[in-house]
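So the structure is just underneath, and the comments pick up after that.
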Amino acid sequence: MINQAAVFDGFDAALVERAFPVLCRGDRVLDVPCGDGRISAWMAEQGWQVCALDKARAAFHTRSVLDAKALHGDVRLGEALSLPWPDRHFQGVLCSRLPDDEGLRRGWLRELARVTDHALLVPYFAAPTMADLGRQLMPWSRVEGQMEVAGDGAPLPRLASTLGREGFELDRDFPQRRFLPCVHLARFVRRSPAADAAPARLSSH
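Counting from 0, one number per residue, gives the positions in the sequence shown under numbering that gives the first Met the number 0.
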């Protein structure tokens, strides 16, 4: 079994930049768990109001990264199961790691969805299917049938099902690289008149 925690320790900041929605300066964003602080610092550099949350060691490191760059950010200690912010507080939320336990993962996603007003980005790990490889090697052909079913429990449909119940729909899926098993970032947006009326806020990458 692949150690997903180890995979996400090497989370590619360039992938986050590709996947993150276009937001207005001053919009509120959340980085949870904030890990080594790289993404929190990048968010602050965009002119957004950054909040970051993680356990003690990571939170203290994130605070030091922001301070070293003279960047503002609200860094807190805590768990994703109980976020200290009101409903729909953030325009953009990045979750850079999800727990392996299915029940705990659903709890995290529900809580992340609760505080998200617009876009929620969540990672998953997936091997390419035969259909994916077929489309890359033979783009003129159609690869159909059972080969279209994603391996390893179809993580993206599971995410979409859980977040669909919270009022979100899949906007785009961003793989870190092609061919090899890799990390993806799935971008979900809240189904609401406000979200529907602002398509320009989404990245066109």
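Using N, Cα and C, we set each Cβ at its ideal position, and we do this for glycine too.
Per DSSP, reduced to three states, the secondary structure at phenylalanine 19 is coil, with no helix or strand assignment.
Selection Arg157, Pro156, Val121 evaluated against arginine 186 yields Val121 as nearest (Cα-Cα). Taken through DSSP and simplified to helix, strand or coil, proline 122 comes out as strand.
Ranking Arg171, Trp47, Leu76 by CA distance to the CA of histidine 60 puts Leu76 first.
Excluding the 5 residues flanking it on each side, cysteine 50 has same chain C-beta neighbours closer than 6 Å at Leu29, Asp73, in chain order. By the Cβ-count criterion, aspartate 100 is exposed, with fewer than 16 other Cβ atoms from all chains shown falling within 10 Å of its own Cβ. For the pair histidine 71 and valine 64, the Cα-to-Cα distance works out to about 10 Å.
Burial is judged here by how many other beta carbons sit within 10 angstroms of a residue's own beta carbon; arginine 164 has fewer than 16 and is exposed. Per DSSP, reduced to three states, the secondary structure at valine 31 is coil, with no helix or strand assignment.
By the Cβ neighbour-count rule, aspartate 53 is buried, with 16 or more other Cβ atoms within 10 Å of its own. Remark: C-beta atoms of cysteine 33 and alanine 12 do not approach each other more closely than 8 Å. CA-CA distance, alanine 112 to phenylalanine 167, rounds to 8 Å. Apart from sequence neighbours up to five positions away, the residues of its chain that approach tryptophan 41 with a beta-carbon distance below 8 Å are Ala12, Val15, Glu16, ordered along the chain.
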